[in-house]
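Protein chains: 2
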Amino acid sequence: MAQRVAPPRRAPLSKERVLRAAVALADESGIDSLSMRRLAEELDVVPMALYKHVANKEQLLDGMVDVVIGEIDPPVRGAAWKTAVRHRILAARRALLRHPWASRVLESRTDATPLVLAYMDSMIGLFRAGGFSVDLTHHVMHAMGSRLLGFTQELFDDSRSLDPEVRDMLIREMGKQFPHIVEIVKVVYHEADSVVGPGCDDQAEFEFALDLLLDGLEALLQREIQSPAPSPVRGPIHG
Amino acid sequence: MAQRVAPPRRAPLSKERVLRAAVALADESGIDSLSMRRLAEELDVVPMALYKHVANKEQLLDGMVDVVIGEIDPPVRGAAWKTAVRHRILAARRALLRHPWASRVLESRTDATPLVLAYMDSMIGLFRAGGFSVDLTHHVMHAMGSRLLGFTQELFDDSRSLDPEVRDMLIREMGKQFPHIVEIVKVVYHEADSVVGPGCDDQAEFEFALDLLLDGLEALLQREIQSPAPSPVRGPIHG
DNA sequence: AAGACTAGGTGTACGGCGTACACTTGTCAA
DNA sequence: TTGACAAGTGTACGCCGTACACCTAGTCTT
């Protein structure tokens, strides 16, 4: 009598638990193997059970994005706009790198979640506080694009590592058709041979492009401060 | 008698015909409704027939990308690197805009097709001819990213047009949480109300960002010419 | 003319997917 | 005790990509 030994019940589901499991699954097995059925299995539950906690798969993905966005460190306070923006973007990048699927999923979102909007809002705030006009800030946001969230879509995956022997043959083969590409690839691989790992330092490349943009924005800001005309949207310099 | 009237046979399939049909279908009905089955139906053929001409769906998508890339005008000859690059990129953009699905598909490609490689090679060639070192060109290619092909991923679709009444209510609602976003949206909509169409001039935004980058690259090039040191990959200005 | 070879199109089937819908079960308030 | 409600289940549907065996018509060889 008294209280029976409860049959070993698993913890009840919740939106939170579902999202965390989804993120973990995507982290471990890749976003392609994240299906509602597989996720349910992971949670030891029948697939349809998930639908009591998320409306559908799209909303699941939205929720996963929010988990990642939630991991971005808050902006540093009291810094100049440029360093504040730079730091925040690199913070976002760190969060995204922890979840390799995140950038792909972000790209596929059609509507921004409130959390993403909040992040964007705070980024806009950094520029506005730095003295950018509303107009200019708008253009800036477009120019930065996904870089605001710490990633850029790479058009092809050049970080594949392959057998040096095969690689050299490929290079020789490609050289006839794509001499300029090969010229670059050669240098990259040569530099990398002493070090280790893939041919490209993605982080360095990201920061290079980021700083290039930020420096350009700084110049624009100076221009705007000197002549705060209602700038027509024209090219930065020839405007 | 003589030659009998041949039964009305449809034109035989070919990789070419399959690709053209796929592009047309995606253009008209969106990339989401492009399935092997639907495409086969369009060609009045059983689904498996397609597999005699393309290995699988991935290769079909690769082929579709090539169709689009093939539509990009060749580079203008004899121009300065900056205008040559600018024109070519805007040409690529025109091709992509003709096929709204193309940027999404391009993003999803994991390997570049030879045609894409050829395009990239020719873009690299423009920079090299303009005096960029191999190293710098490499960084430039990363910095330009998908912009080289005339598109940038927009993180959320702000060009949705909706009932002005609903819009104003939304704006008022959002204002509390996202004041900076609303500040921008208001200006954009105000500017657009006189004109027509969506709130944002995407082409202008694209060119703004493109010119911002090209101007930055020009400055880098000057720096490099003056001190052609084997530049360590550091930020453009603080390097 | 006969047979072999082959490229192109067919038919069937499998395993996966997202999810609609009707159901049971456990919990707790009235 | 009842009955409402939230959580989990089971079944089923229509879609997807594609493996595999088959058929068919044309071409090439002898």
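If you read the protein sequences in the order shown, they are chains A and B. Residue numbering for the first sequence is 273 to 511, as defined by this note's numbering. Residue numbering for the second sequence is 273 to 511, as defined by this note's numbering. Note that beta-carbon positions come from the ideal geometry of N, C-alpha and C, so glycine has one too.
**Request:** Just the chain B side, please: which residues come within less than 7 angstroms of Q397 of chain A by C-beta, in chain order?
**Result:** As written in the sequence, residue 397 of chain A is Gly, which differs from the Gln given in the question. Within 7 angstroms Cβ-Cβ: H452.
**Asked** Which residues mark the beginning and the end of the alpha helix (DSSP H) in which E288 of chain B is found?
**Response** That run of the alpha helix (DSSP H) goes K287 to S301.
**Asked** Nearest chain B C-beta to I497 of chain A closer than 8 angstroms, yes or no?
**Response** With respect to chain B, the C-beta atom of I497 of chain A has no partner C-beta closer than 8 angstroms.
**Request:** Would you mind working out which of A:E426, A:M441, A:L420 and A:L398 sits nearest F428 of chain B, comparing C-alpha positions?
**Result:** Checked all of A:E426, A:M441, A:L420 and A:L398; the closest Cα to F428 of chain B is A:L420.
**Asked** D338 of chain B lies in the alpha helix (DSSP H); which residues open and close that run?
**Response** Segment K329 to I341, the alpha helix (DSSP H) holding D338 of chain B.
**Request:** Measuring alpha carbon to alpha carbon, tell me which of A:A293, A:K287, A:D440 and A:G422 ends up nearest L362 of chain A.
**Result:** Of the residues A:A293, A:K287, A:D440 and A:G422, the one whose Cα lies closest to the Cα of L362 of chain A is A:G422.
**Completely contained alpha helix (DSSP H) runs for the stretch 351 to 425 of chain A, where each covers 4 or more residues** = If you keep only unbroken alpha helix (DSSP H) runs of at least 4 residues inside the stretch 351 to 425 of chain A, you get 353 to 370, 374 to 380, 386 to 401 and 406 to 416.
**Message:** For A283 of chain A and K324 of chain A, what's the separation of their Cα atoms in angstroms?
**Reply:** Spanning the two alpha carbons is a distance of roughly 15 angstroms.
**Request:** Just the C-alpha distance for L486 of chain A and E314 of chain A, rounded to the nearest angstrom, thanks.
**Result:** Cα to Cα, the separation comes out at about 44 angstroms.
**Request:** Please classify P279 of chain B: does DSSP put it in a helix, a strand, or coil?
**Result:** Its pLDDT being 44, under 50, P279 of chain B is placed unreliably in this model, and the value from its coordinates should be taken loosely. P279 of chain B falls in the coil class under three-state DSSP.
**Asked** So, helix, strand or coil for F478 of chain A, using DSSP?
**Response** Residue state, collapsed to three classes: helix.
**Item:** Where H462 of chain A sits in the DSSP three-state scheme
**Value:** If DSSP states are grouped into helix, strand and coil, H462 of chain A belongs with the helices.
**Item:** Boundaries of the alpha helix (DSSP H) in which K448 of chain A is found, first to last residue
**Value:** Here the alpha helix (DSSP H) through K448 of chain A covers P436 to Q449.
**Request:** Could you spell out the range, first to last residue, of the alpha helix (DSSP H) harbouring A321 of chain B?
**Result:** For A321 of chain B, no alpha helix (DSSP H) run applies, since DSSP gives it neither H nor E.
**Request:** Classify H411 of chain B as buried or exposed, calling it buried when 16 or more other Cβ atoms lie within 10 Å of its own Cβ.
**Result:** In this structure H411 of chain B is buried. Its beta-carbon is surrounded by 16 or more other beta-carbon atoms within 10 angstroms.
**Asked** Would you call the CB atoms of Q425 of chain B and G417 of chain A closer than 8 angstroms?
**Response** Result yes, Cβ atoms of Q425 of chain B and G417 of chain A sit closer than 8 angstroms.
**Prompt:** Going by C-alpha distance, which of A:P386, A:N328, A:A296 and A:I443 is nearest W373 of chain A?
**Reply:** Just measuring C-alpha positions, the residue of A:P386, A:N328, A:A296 and A:I443 sitting nearest W373 of chain A is A:A296.
**Message:** If contacts are defined as beta-carbon pairs under 8 angstroms, then V340 of chain A and A367 of chain A qualify, I think. What distance do you get, rounded to the angstrom?
**Reply:** Yes, V340 of chain A and A367 of chain A are in contact; Cβ-Cβ is about 6 angstroms, under 8 angstroms.
**First and last residue of the uninterrupted alpha helix (DSSP H) at L311 of chain B** = For L311 of chain B, the uninterrupted alpha helix (DSSP H) segment begins and ends at M308 to E314.
**Prompt:** Beta-carbon of M336 of chain A versus every beta-carbon of chain B: anything under 8 angstroms?
**Reply:** No, M336 of chain A does not count as interfacial toward chain B.
**Asked** Is I344 of chain B helix, strand or coil when you go by DSSP?
**Response** The three-state reading of DSSP puts I344 of chain B in coil, since its state is none of H, G, I, E or B.
**Message:** Do Y461 of chain B and G471 of chain B count as a contact pair if the criterion is CB distance below 8 angstroms?
**Reply:** The answer is yes: Cβ separation under 8 angstroms.
**E455 of chain B: contacting residues in chain A (beta-carbon distance under 7 angstroms)** = Under the 7 angstroms cutoff, chain A gives V406.
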